[in-house]
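Chemist: Structure incoming, see below.
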Amino acid sequence: MLVLTRKANEKIRIGPDVVISVISVSESQVKIGI
22 MLVLTRKANE KIRIGPDVVI SVISVSESQV KIGI
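In structure tokens form, the structure reads like this:
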């Protein structure tokens, strides 16, 4: 398993077509956009 750490509003790019964005972070949940 690969674990990457990002803060809110940061992005991870996987290849030329896939971007994962951290939308929001709270105490009990993390929202991501793909």
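Residue numbers (this note's numbering): 22 to 55.
C-beta: ideal position from N, C-alpha, C; glycine also.
1) For the beta strand (DSSP E) that ARG34 lies in, which residues bound it at each end?
2) Between the beta-carbon of ALA29 and the beta-carbon of VAL40, is there less than 8 Å?
3) In three-state DSSP terms, what is SER42?
4) What would DSSP say about LYS28, mapped onto helix, strand or coil?
Modeler: Reading it off the structure:
1) 32–35
2) no
3) Reduced to three states, the DSSP call for SER42 is strand.
4) Judged by DSSP in its simplified three-state form, LYS28 adopts coil rather than helix or strand.
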